[in-house]
Each structure stands twice: as structure tokens, then as C-alpha cells.
Amino acid sequence: MSRVAEFLFRRRGGAGWHWTDVFTWFWLIGGLIVMFGPALWLVNSSFKTPAALAEFPPTVLPYVTAEAIVEGYEEPLQLFEVRNDDGSVRVLAEVRRLGTVAQMVDPANPGEIIRVNIQNRTPKRSIAFALDNYVQPFLAFDFFLYLRNSVFVTVVATLITLLTNSMAAFALSKYNFRGRSAVMMLIVATLMVPLSVILVPLYSVISAMGLFNSLWGVILPTVATPTGVFMLRQYMLTIPDELIEAARMDKASEWQIYWRIILPLTAPALAVLAIFSVVWRWNDFLWPLIVLSRKEVYTLQVGLNTYAGELNVQWHYILAMTVVTMIPVVLVFIFLQRFITTGIAGSGLK
Amino acid sequence: MSQITLTDVSRAFGKIGVLHDINLDILDGELIVFVGPSGCGKSTLLRLIAGLDRPTGGAIAIDGKDVTTVPAADRGLAMVFQSYALYPHMSVRQNLAFGLENARMARAEIDARIAEAARMLEIAPYLDRRPGQLSGGQRQRVAIGRAIVRNPTAFLLDEPLSNLDAELRISTRAELAALHERLSATMVYVTHDQIEAMTLADRIVVLRAGRIEQIGTPLELYNHPANLFVAGFIGAPRMNLLPVKVAAGGTGRSSLTLDGSAGFEIDGIVSATNGDVTLGLRPHHISLADAGKGDIAARVALVEALGSETIVHTRTSGGQTMLAVVAGQYPVASGDTVDLKFDTSHLHLFDDTGVRIAVS
Amino acid sequence: MGDVRNGIATRAGAMILAPVGWLANVFDAPLRMLQRRTGSNGMAVFFLAPNMLVFGIFVLFPLVINILYSMTGGGALFLGDRTFVGADQYGRLFSCGSYLDPKSCTEDLFWIAVWNTLAFVVLQVAMMVAVALVTALVLNRELRARSFWRAVFFFPVLLSPVVVGLIWRWILQRQGLLNLMVFEAGGTPVNWLVERNWAFTATIMVSVWAHVGFYALILLAGLQAIPKDLYEAAEMDGTRPLRVFWRITLPLLAPNLLVVLVLTLIRAVQIFDEVYVLTGGGPGTSTLFLTQYIYEVGFASMLRNPGLASAASILMGAVLVVLTLIQLGIARRNEQRGKMR
Ligand SMILES: Nc1ncnc2c1ncn2[C@@H]1O[C@H](COP(=O)(O)OP(=O)(O)OP(=O)(O)O)[C@@H](O)[C@H]1O
Ligand SMILES: [Mg+2]
Chain A
1 MSRVAEFLFR
11 RRGGAGWHWT
21 DVFTWFWLIG
31 GLIVMFGPAL
41 WLVNSSFKTP
51 AALAEFPPTV
61 LPYVTAEAIV
71 EGYEEPLQLF
81 EVRNDDGSVR
91 VLAEVRRLGT
101 VAQMVDPANP
111 GEIIRVNIQN
121 RTPKRSIAFA
131 LDNYVQPFLA
141 FDFFLYLRNS
151 VFVTVVATLI
161 TLLTNSMAAF
171 ALSKYNFRGR
181 SAVMMLIVAT
191 LMVPLSVILV
201 PLYSVISAMG
211 LFNSLWGVIL
221 PTVATPTGVF
231 MLRQYMLTIP
241 DELIEAARMD
251 KASEWQIYWR
261 IILPLTAPAL
271 AVLAIFSVVW
281 RWNDFLWPLI
291 VLSRKEVYTL
301 QVGLNTYAGE
311 LNVQWHYILA
321 MTVVTMIPVV
331 LVFIFLQRFI
341 TTGIAGSGLK
Chain B
1 MSQITLTDVS
11 RAFGKIGVLH
21 DINLDILDGE
31 LIVFVGPSGC
41 GKSTLLRLIA
51 GLDRPTGGAI
61 AIDGKDVTTV
71 PAADRGLAMV
81 FQSYALYPHM
91 SVRQNLAFGL
101 ENARMARAEI
111 DARIAEAARM
121 LEIAPYLDRR
131 PGQLSGGQRQ
141 RVAIGRAIVR
151 NPTAFLLDEP
161 LSNLDAELRI
171 STRAELAALH
181 ERLSATMVYV
191 THDQIEAMTL
201 ADRIVVLRAG
211 RIEQIGTPLE
221 LYNHPANLFV
231 AGFIGAPRMN
241 LLPVKVAAGG
251 TGRSSLTLDG
261 SAGFEIDGIV
271 SATNGDVTLG
281 LRPHHISLAD
291 AGKGDIAARV
301 ALVEALGSET
311 IVHTRTSGGQ
321 TMLAVVAGQY
331 PVASGDTVDL
341 KFDTSHLHLF
351 DDTGVRIAVS
Chain C
1 MGDVRNGIAT
11 RAGAMILAPV
21 GWLANVFDAP
31 LRMLQRRTGS
41 NGMAVFFLAP
51 NMLVFGIFVL
61 FPLVINILYS
71 MTGGGALFLG
81 DRTFVGADQY
91 GRLFSCGSYL
101 DPKSCTEDLF
111 WIAVWNTLAF
121 VVLQVAMMVA
131 VALVTALVLN
141 RELRARSFWR
151 AVFFFPVLLS
161 PVVVGLIWRW
171 ILQRQGLLNL
181 MVFEAGGTPV
191 NWLVERNWAF
201 TATIMVSVWA
211 HVGFYALILL
221 AGLQAIPKDL
231 YEAAEMDGTR
241 PLRVFWRITL
251 PLLAPNLLVV
261 LVLTLIRAVQ
271 IFDEVYVLTG
281 GGPGTSTLFL
291 TQYIYEVGFA
301 SMLRNPGLAS
311 AASILMGAVL
321 VVLTLIQLGI
331 ARRNEQRGKM
341 R
């Protein structure tokens, strides 16, 4: 432990804690708690039963209250630990509660009703993970459908994005044609037109094309990302033109040059764009919210928001579904974080 | 058979003309070298022949067929690039095969050709490596191999040796010459190194600022440079050039005056409009003589003793720098005063527009 | 090292592409024929076409007809079915007794959204830039495991706005974690998302939490581009840390700070997703921002008014265009400065 501490806390320079060192560690540890804490708390909560969720103050570990089937009673009864007057403790099942007095029975001796002041009893609990929170959304809700829709949108949109963006980037980086700079200007201009500015007309275009309530209506407007074209073009500019000329001398068609020379050599940039595109499309919310109005075509984000907006919010399910929605992004984060952070630092795209 | 004919070819980028009315006949089996200073348009001319670029005027024909608008892929030529332009994501074998696959050649034939080229160029051990894992010299061979397997009508090479170190360049140069001999294929070779041009070429094309200055065999250019530019460009060390006044001398002779004082007579009549000409004399054609026995007195500024020969930099009283190359080792030191003796049978004269003057 | 990684990536890319290689061959024959007609250079149009088509249909065309929409009235969706009303929609947005008092306006919600957004932008941007800067400075110190710490702050950036909204709804609810901590500290629990000012504060905090890692990363890249020897020289002179910050770090970081400032501005003006999930614009209208106003008027409310939504979106677009032009101007200047260095 002290080794770890020594490793982590080694400061530049040497002896003594300068106030900047103190501040640095305050900020880092604080950041660790604030950034990860809420998500961890959510994950933690997602394993609790509705009863445990309703408790205040909440417990850290997921407890369930113990119940027992008692002879003569149809429903299972909740078990309590009851403190006797002499200080000894025994386990009783509650039959009903009247004001401050609970009528209880001993499961071993169900005939006799014992009256206990509720001050003297605590629920008997054990640690258990409410995995049902995770199972039910798949069985009883359309959650699986939403998941499938989201995966479809994400994968298809990303593939189309990679193809169209890289083709456009190829044209803009390796050919000289009239109007090239005009096209570049046009693409720059779109950076200024976020979705929220063209919601209404875009909606009418989608409707006119019959794509309302279709996943394609979610996919198509997103695939011509200007950032993707820019990033790929920037990368392709570093590929020497002589390679392309060599390929032309080698009787390669322009399509082959694109497919067999340019694409493989652009792989690192394509990988970055692919990661970004997956995250973008997986997280998209406003546009799917507008285009998709039937439950069968909801994506995860829209579905989740709808559940969370219902009057009797069933938090135990919502929490579990949120965790499932987070999983792909967390996986991307764990495995590809380095890729992404260098990608952002290099190109400033998000 | 592969004869390449350029007729009035020109190329302009926007308003800037880079090549002007190039006329050239490249003969079958010939190794022709384009040489000239940087930026004179050698690469541009080669790319026009390759079909990677289109001329803005004139026509290009291969074996009599006009190919001016034929795309590069269909001209049957192969090119070796200065940077080699090997596909970095493919192995050497794939690099060699790429062009053949594109031509839809049978697999067996492709393998046979690669094996043959690999044997010839001694690159067989590296066939499964990527270009990034090869040395400069090995990459260079692969680049040539990629051209050879195509069995092209002609090879186009753009400064193929300029990325090699000095020693490797000399040995590869010799191999290239041998390769040309063996394949007896037409080769168009671009370089700005005149020694490379002299050693390799059947014929040399000297370019300057987008114009052909002279075409000829290496020795023709050396012995009879058509103008001051070629005279200065071909031969190392550079030819000494100095202004002289020419006047009629004895019968059938002309007299040349240097620096207003020193002078000598030569055989033949020189016709110059006002007597102002430029005298060109290669350093090898100047020898050192004892004081009073030479054509002009000069002061030694620098001596480069190479062992086999000695290069003596001198300065004449008129302020002209003159180089002399003397065979063997010569006892002279900077600061000495010497007399320069000219081998008048090898001198060149150029008029005030720089064009060679015939001595008749 | 970089070479090796690059090589791996290249190879991985080649491997991924190999199975779909046949696709290339399927396309190749017809495309070769096309190329015969267009020439090599002409194929540029072919390569450009898919992207520009999508772009034209789903960005440019909507952009153009948006202006027409904003000049029509009624609830019909398609432009042909709508009646031309000229500048009436704009007139309606701007008909106000006093712009400072939304209640005096015909479209009181619009002005509530405008003022809310303005307050949000000012506070959130200030907070975002400050926190991002401090984080970047901390991360730029000589830390063990820097990439771990960088990842810590970056983590929420990838989360979807819906997830962010739900996480914080869960934390901020009456029986949530925050109230637990307040309770443990001896305070009275607060209904964070039901009290106007707390809800508004929450939208700012949550959006900073979600995005600060991204901006910290940009600033960190800027910090790392500052030559180390400048700091060493300052250390030799015995300069105190704060002075180093004011006299060396800040001036040299200024271009990056400007970029971050404008980017946060652009994003803050359009804020919607996480706030919509977190508060739904409430309580009442206290966290109703412009994009949500557009969404509500154009799509969600009973009396849809696409023309009004269009007009509002064009006004917002105008603000964004100005901000983006500033951003591009800065980017260009930085680029030139980079070249000069
Ligand atoms: N694409 C182009 N656009 C504009 N000018 C060009 C272009 N390509 C070449 N040039 C110009 O044409 C002239 C000739 O270029 P070229 O590459 O043929 O020179 P070169 O003789 O090969 O020189 P080097 O020995 O340096 O390779 C140069 O002045 C160059 O600036
Ligand atoms: Mg060149």
C-alpha cells in the first residue's frame, strides 16, 4: 500500500509539500470521486430492490428484507429481528401493523400472535443483488427491441459514414477539379448548421421521403459529417501523391486506388472516426426523439427517456437499463480511451 | 519496338509556362537522360510522357500512335519514382504483383515474373517483407523490380538514385547500366547530376527553364557544347569562362586578347559582330608553366591535391577565377604566382548571346 | 514505437478490409467503364457524390427551405400546404411590451427561453472554462499515471446525454445520494430538481460535469505544446508558481483558451439533451432553453407551429453562425501563428 502511495504521490523536485502539490492532489482525488462517483452509485443502486431503493437514508450495499412462508398465511411475511425486554433477540414474521404496534408470529409457532412495539424491531435483511432489475426489462419490456434498433443505427450509420466520408475526403485531397474549394467552403459552412437549427425542415424532408418512424430516417441525415471529411482529408494529404501515380502506372483504376491504396493507408484515421461515430450515433437523442414516435422503432436513448418520463417511474428498472445503455460506451472508454484522447488533442473534434 | 516522339509539347500551370515546344525523338532501346538544373521541368516532361499529366499543347506518340490523351494505365510504360512510391501496406511480393493483377494476368504467370525479377535484382530474400523493413538500396531495387515485371515498352525513371548514399549510388548506377544492356529496353532517365548523365546515357537532353538546350551523345555535349549553358553544365570541374576580345590575326588566324593585355593567336577565322566573345576552356586543358612561358599570369588561391590529379584555383590579374587540373601531384602552394598555358586546340568560343561560334 | 503502432493499425485495417475486398472487385468493372468516360480526374465527382448528395438533401436543402418555413403559418407540415405570412412569425416572436419581461410578450415562452439560455450560457461557459483550465493545469504537472488521471476527467464525455441526465436525476432526487450526504452532514435535505434555483444550478453543474473533460483535453494539448525550457528558465530565476502561470502559461495558452471559449459558447447556446432528461425544462419554465422551445413549439406541443419554430431556429442559427465564424477566424489565425513558429 505504501508502495502504491509512494508511486502515486511522488512529487517533482523533492522535499516538502508545496501548496500546488496539495492542490493538485485535492483536485485529482476530488475529480476521481466526482467523475466516477455518480456513475458508480447508479450501478450500485441498479442492484437494489424497489423496497431498498425507497429507503432513506439509503444503504451502500444492496439489501433485501427476508421473508418467510408461514403456515396459515397465504402471502410470504416479512421477517424482523425483535428485541425482547430482557435484551435477547428473536426472529418474528409480521402479520400486520396497527399504529405503533405490530402483530407478529413466530414462524416456528404460527398459532400465537405476539404484539411488538415497532420501536423494538428491525427488518431482518441480507445482501442480495436484485438481478431481476436486469432480466425484467428484456422479458417484460421492449428493451431488447430498443437495444437492437440502437445497434442497427450505430453500426449502419458508422459504416456509411466511413464510406461516404472517406470517398469525399479522397476526392478533396487527391484530385484537382474545378469547384474543389467551393465544395470545401460548403462543408465548412455546415459546421455552422447544427441539427437544432434545421429541425423543422429536416423533419418535413424525412416525412416526404417516407422515412418518418424509420431507422433510416435517423441514420441518413447524420452520415455526411463534416468533421469526418475534414479529419480524413487531413490525414490523406499526408499520403504522397507519388503512390497514387505509381498505382496509375500499375493500371489500377481510380476505384482500386481508393480501395486498395488509400483506404488501408488511412486505417488509423478511419479507426478514430469509427470510434467517434459509434459514440455519436449510440448517444444521439434529439433527432431520434423527433423521427421515432412508435415504440417498435425507438432507440435505447429514446426508449430510456420515455420510461423515465412515465408517471409511475419504476426506478429499479430504469437504473438497470441505464447501466446497460452505458456498457458499450464504457467498453469503448476502457479499451480505446487513448485513441480518442489523442484523436481529440490532434484534431479538436468531438 | 518502342519509339517515343514528342512534337511541340508544352505544359503550363495556369499562366506559368513550364515546358515550351519540346521536340524530341526517343529511339527504340535507347537510354536517354534528361538533365538540367532543379526546376527546369525534367519531372514534368517525364510525367507528360508517362501520362500522369496532360500537355497543354503538342502531341506525344509511342510507336507512331498518338497517345496524347491516353491515360497512364494504357500506355504500357513503367515508372520508377524518386521516392520509390512503394505501397507501404503491401509486402514486396504484393508490390510487384499489384500491377500484374490489375492487368488480370494469370497467377502462375505473375509468380513466374516475380521470381525472374527477384532473381535478376537479388531481392528474393525480402519478398515477404514490407517496404518499411528494407534498406534504401533494397527499396530501390524493389522499385525497379516493380517496373521490370510489367515488361513495359519503356522505363521512365525520375532521379531513381538520388535517395541513395554516394557509394551505393555509384554501384547501383553500374547495375542500371548493366540492366539496360540486358533488357535492351527504352529508358528515359531523369537526373540533375551530370556525372550520372555522362556515364549512363546513350544520348543526353539538356533542359533549361523548360527548353531543350542541346541533344547529343555525352561526348558530343562535352566536346561541342552548343551554348554557354551546356558548356557550364556538362563536365566537372566546370569549364572556365572568360571574356575575350577577338580580332583578325595573321592569315587564317585570329588573335584573342585577355584582360586587355595578355593574348594569343589561334588557327581559323572567328566571326564576331563587335569582337566581344566568351572563351571557354576546360580545366583539364590548362596546364601550369614557368613564369613567362604561359599565356597568362595568375596567382594560386587554393590547391586541392587529390593524389591522382591536382586542382589548382587561380586568380588572374584581371580578377578572373581560373581552374586548372593537372595530372599527378604538382608542387605548388597558394600564394604562388604561376603562368597558365592554354591548350588552344580545345578551346570553345561563344558569342554575346551565348551561342557557340564555329571557328573556321 | 509510433511506427510500430501505426503498422499494427495499418495491418488491422487491412485485415478488416480484406473480407469485403470482393466488394471492390464487384464495383470495379462498372467503375472502370465509368472512368473510361470521365477520365481519372473526372472520377472525383463520383467519389464526392454520395457525401454531397446526403449533404445536399439533409443539410443544404433544409437550410434553404427553413427560411421559407419561417415565413409561413398554420399547422401543416409540407411547405406546399402552408400559407404565406411574410414576417409575421418574427413579428410574433418580437412583439413584447418589454423584452426584459417575458410576461409582457405574446410568445412569453420564447423570451423565457432566451433569458434562461443567456443566463445559462454566461454561467456555464465561465464555469466550464475555469474548471477545464484548472484540470488541464493539474494534469500538466509531472504526474505518475497521467493518462489514468486524464481518463478520469474524460470519462463522462462519452456518456450519452440521456444517461447523464438519468444518473444525476438519481443522485439529485429527494432520497438521493446528495441528500444523504446533506443529511449525514446534519443539514436538511433539499428537493434539488423541484426548487427553481437549485434546478437551474443543477443544469449548469451537470453539463459542466459531462463535458469538462473534453475541453480540459484541448487545453492540456495546448499546455504540452509550450516549450519546457521556458519553465526551466523561470525556475532558474526562482519565479513563483502563480507568476509563472500569469506571465508564461496564460499568454501562451491564450489561443487554445479562445478556441475552448468559443466552442463552449456554441455548445451552450444549443443545450438540450441532458437538461431535457434531467429537468424536462422544469420546474415550471425555469430550465426551459432555446432548443427545447423550438422542439416544443415545432413538435411536442398540442398546437404545433412549425413556422414559429423555424423562425426561432433561424434566430438561434444566426447567433451560432457568428460564433462559428469567430471560431474559424481564430483557428485560421492559430494555424498561421503555428506556421510562423
Ligand atoms: N502542379 C504544379 N503546379 C504549378 N507549378 C508546378 C507544378 N508542378 C511543377 N511545377 C513547376 O514546374 C517547374 C518544373 O518542375 P519539375 O518538377 O518538372 O522540375 P524538375 O526539373 O524535376 O526539378 P527537380 O530537379 O528539382 O526535381 C517548377 O518551377 C515547378 O515549380
Ligand atoms: Mg523532379
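Same order as they appear, the protein sequences are chains A, B and C.
Numbering of the first sequence is given in the UniProt record's numbering, commencing with residue 1 and proceeding in unit increments.
Numbering of the second sequence is given in the UniProt record's numbering, commencing with residue 1 and proceeding in unit increments.
Numbering of the third sequence is given in the UniProt record's numbering, commencing with residue 1 and proceeding in unit increments.
From the three backbone atoms N, C-alpha and C, an ideal C-beta is built for every residue, glycine too.
- Message: On a Cα-Cα basis, can you pick out the residue from A:L28, A:I340 and A:A39 that is closest to V162 of chain C?
- Response: A:A39
- Query: Listed by chain order, which residues have C-beta atoms less than 5 Å from any heavy atom of ligand 1?
  - Reply: B:F13, B:V18, B:S38, B:G39, B:C40, B:G41, B:K42, B:S43, B:T44 and B:H192
- Cβ of D158 of chain B versus every heavy atom of ligand 2: is any distance shorter than 7 Å? yes
- Candidates C:F155, C:F58 and C:V121: which alpha carbon is nearest W209 of chain C's? Minimum Cα distance to W209 of chain C is reached at C:F155.
- Task: Can you pull the chain A residues whose beta carbon is under 7 Å from the beta carbon of A87 of chain C, in chain order?
- Result: Against chain A, the beta carbon of A87 of chain C has no neighbour under 7 Å; the closest one sits roughly 17 Å away.
- If you run the structure through DSSP and keep just helix, strand and coil, what is L336 of chain A? helix
- For F94 of chain C, which beta-bridge partners are listed by DSSP? None, per the DSSP bridge assignment.
- Query: Under a three-way DSSP split, which group does H192 of chain B fall into?
  - Reply: coil
- Endpoints, the alpha helix (DSSP H) within which Q78 of chain A is located: Run containing Q78 of chain A: none in the alpha helix (DSSP H); it sits in the beta strand (DSSP E), L77 to R83.
- Kindly list the residues whose CB is nearer than 6 Å to the CB of Q337 of chain A, restricted to its own chain and excluding five residues on each side of it in sequence; keep chain order. none
- Message: Below 9 Å on C-beta distance, what does D284 of chain A contact in chain B?
- Response: Within chain B, no residue comes near D284 of chain A; the closest Cβ sits about 33 Å away, beyond 9 Å.
- Query: Between B:P283, B:A333 and B:V359, which lies nearest to A324 of chain B when the distance is taken from Cα to Cα?
  - Reply: B:P283
- Ignore the nearest five residues each way along the sequence and tell me which others in N117 of chain A's own chain have a CB closer than 7 Å to its CB. So the list reads T100 and V101, once near-sequence residues are dropped.
- Item | Backbone CA spacing between I49 of chain B and V188 of chain A [nearest angstrom] | 38 Å
- Task: Flag this pair as touching only if the segment 306-313 of chain C and the segment 57-73 of chain C have three or more C-beta atom pairs under 8 Å; answer yes or no.
- Result: yes
- Item | Selection from B:A12, B:R208, B:I204 and B:N240 that minimises the alpha carbon distance to I215 of chain B | B:I204
- Query: Are L79 of chain A and K124 of chain A close, meaning C-beta to C-beta below 8 Å?
  - Reply: For L79 of chain A and K124 of chain A, yes; Cβs fall inside 8 Å.
- Contacts around E196 of chain B, its chain only, beta-carbon distance under 7 Å, and the 5 residues preceding and following it disregarded: Hits under 7 Å: L161 and R173.
- Task: Kindly list the residues whose CB is nearer than 7 Å to the CB of I218 of chain C, restricted to its own chain and excluding five residues on each side of it in sequence; keep chain order.
- Result: N256, V259 and V260
- Query: Along chain A, which residues have their Cβ under 8 Å away from the Cβ of N41 of chain C?
  - Reply: Y175, N176 and F177
- Classify H211 of chain C as helix, strand or coil using the three-state DSSP reduction. Helix.
- Indicate whether at least one CB of chain B lies closer than 8 Å to the CB of L162 of chain A. no
- E55 of chain A lies in the alpha helix (DSSP H); which residues open and close that run? From DSSP, E55 of chain A is part of no alpha helix (DSSP H); its letter is neither H nor E.
- Near-chain C residues of the segment 242-254 of chain A - C-beta to any C-beta below 8 Å: R248, S253 and E254
- Option in C:L193, C:L253, C:M236 and C:L143 with minimal Cα separation from T20 of chain A: C:L143
- Step through the CB atoms of chain C and report whether any lies within less than 8 Å of the CB of V151 of chain A. Residue contact with chain C for V151 of chain A: absent (no Cβ-Cβ distance below 8 Å to any residue of chain C).
- Query: Closer than 8 Å, Cβ to any Cβ of chain B: which residues of the segment 58-71 of chain A, in chain order?
  - Reply: none
- Message: Restricting to runs no shorter than 4 residues, where is the alpha helix (DSSP H) found entirely within the segment 213-283 of chain B?
- Response: Annotation: the segment 213-283 of chain B contains the following complete segments of the alpha helix (DSSP H) (minimum length 4 residues), in chain order: 218-223 and 228-233.
- Run down chain A in chain order and give the residues with a C-beta less than 7 Å from the C-beta of S83 of chain B. P240 and E242
- Query: What's the gap between the Cα of L242 of chain C and the Cα of L250 of chain C?
  - Reply: Cα to Cα, the separation comes out at about 10 Å.
- Task: Run down chain B in chain order and give the residues with a C-beta less than 7 Å from the C-beta of residue 360 of chain A.
- Result: Because chain A here runs from 1 to 350, residue 360 of chain A falls outside it and cannot be looked at.
- Message: Please tell me whether I262 of chain A and I219 of chain A are closer than 8 Å, where the distance is taken between their beta carbons.
- Response: Contact: no.
- From D290 of chain B to V312 of chain B, what does the alpha carbon distance come to, in whole angstroms? 15 Å
- Item | Cβ neighbours of D66 of chain B in the same chain (closer than 6 Å, five flanking residues each side left out) | A59
- Decide if T322 of chain A is buried, meaning its Cβ has at least 16 other Cβ atoms within 10 Å, or exposed. Here T322 of chain A is buried: its Cβ has 16 or more other Cβ atoms, across all protein chains shown, within 10 Å.
- Give the residues of chain B in contact with I261 of chain A, contact being defined as C-beta atoms less than 7 Å apart. What I261 of chain A touches in chain B: Y87.
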